[in-house]
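If you're matching them up, the sequences are chains A and B in order. FYI, this note's numbering numbers position 63 of the first sequence as 63, with every residue one higher than the one before it. Count along the second sequence from 1, add 84, and you get the number used in this note's numbering. Cβ coordinates follow ideal geometry from the N, Cα and C atoms, glycine included. Just so you know, these numbers come straight off a predicted model, no measurement behind them. Okay, so here's the structure we're looking at.
Protein chains: 2
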Amino acid sequence: MLKAKIHVFLKPSVLDPQGQAVTNSLHSLGYDAIRETRISKYIEIKFDENDEEKVSKQVHTICDKLLANPNTEKYAFELEAVRD
Amino acid sequence: MLKAKIHVFLKPSVLDPQGQAVTNSLHSLGYDAIRETRISKYIEIKFDENDEEKVSKQVHTICDKLLANPNTEKYAFELEAVRD
Numbered sequence: 001m002l003k004a005k006i007h008v009f010l011k012p013s014v015l016d017p018q019g020q021a022v023t024n025s026l027h028s029l030g031y032d033a034i035r036e037t038r039i040s041k042y043i044e045i046k047f048d049e050n051d052e053e054k055v056s057k058q059v060h061t062i063c064d065k066l067l068a069n070p071n072t073e074k075y076a077f078e079l080e081a082v083r084d
Numbered sequence: 085m086l087k088a089k090i091h092v093f094l095k096p097s098v099l100d101p102q103g104q105a106v107t108n109s110l111h112s113l114g115y116d117a118i119r120e121t122r123i124s125k126y127i128e129i130k131f132d133e134n135d136e137e138k139v140s141k142q143v144h145t146i147c148d149k150l151l152a153n154p155n156t157e158k159y160a161f162e163l164e165a166v167r168d
């Protein structure tokens with residue numbers, strides 16, 4: 001079995017209002033040293049399949065078609081062999 | 085400057101309806117090998133501070149008080165030195 005560990009994050013040029021809200025909250029709680037907060041998604045998908053090349057291709061397609069918005073987001077992933 | 089790389093994820097015993105929805109979508113798209121999907125948050129916070137021990141303590145407090153729901157979620161983080 002393979003586990004895909006996928007990060008889907010906003011492109012650096014895209015504003016992150018949710019992250020900005022967290023930064024503001026933390027400043028008002030007194031955490032003055034905080035410069036920037038970026039929030040993104042982390043997705044783990046378990047595949048009942050051991051062929052890394054095949055799963056890698058599928059994950060690319062899944063990210064392109066479902067998980068990431070190609071206009072504003074990028075993604076990166078790695079595969080890990082896991083026991084059932 | 086230090087960057088905290090924080091994962092906030094549902095406890096394994098907690099149902100992940102958003103992940104289940106993604107699994108269902110992927111099954112209906114023909115990805116039959118997919119067994120389970122779990123979705124979590126990944127948060128990066130940049131601190132204008134180089135004292136790892138001090139930042140580590142702050143991140144624990146921030147996760148406990150703001151980012152993670154102690155009833156349903158757990159968190160893990162690491163610190164990375166970054167240039168401005």
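Open item on the list: So, under 8 Å CB-CB, A:Leu2 and A:Val55 are touching, yes? Tell me the CB distance rounded to an integer number of Å.
Closed with: 5 Å
TODO: For B:Leu113, name the three-state secondary structure that DSSP assigns.
DONE: coil
Task: Residues that DSSP places opposite A:Arg38 in a beta bridge - done: B:Glu128
TODO: Kindly indicate if chain A contains any beta-carbon less than 8 Å away from that of B:Thr121.
DONE: yes
Open item on the list: If we define contact as Cβ-Cβ less than 8 Å, is A:Glu44 a contact residue for chain B?
Closed with: yes
TODO: Check whether the Cβ of A:Ser49 lies closer than 8 Å to any Cβ atom in chain B.
DONE: Checking the sequence shown, residue 49 of chain A turns out to be Glu, not Ser. Chain B contact via Cβ: present.
Task: Span of the alpha helix (DSSP H), counted from its first residue to its last, around B:Val92 - done: Taken as a continuous stretch (DSSP letters only), B:Val92 belongs to no alpha helix (DSSP H), being part of the beta strand (DSSP E) at Leu86 to Leu94.
Task: Coil, strand or helix - B:Glu133 by DSSP - done: coil
TODO: With a cut-off of 8 Å on the beta carbons, I'd call A:Ile39 and B:Phe131 a contact; round off their distance for me.
DONE: At roughly 16 Å, the Cβ-Cβ gap does not stay under 8 Å, so A:Ile39 and B:Phe131 are not in contact.
Task: Chain-ordered neighbours of B:Tyr115 on chain D, where CB pairs are closer than 8 Å - done: Of the protein chains in this structure, namely A and B, none is chain D.
Task: N-terminal and C-terminal residue of the beta strand (DSSP E) that A:Ala81 is part of - done: Glu73 to Ala81
TODO: Look at the alpha carbon of A:Ile62 and the alpha carbon of B:Leu110, and state the distance between them as a whole number of angstroms.
DONE: 8 Å
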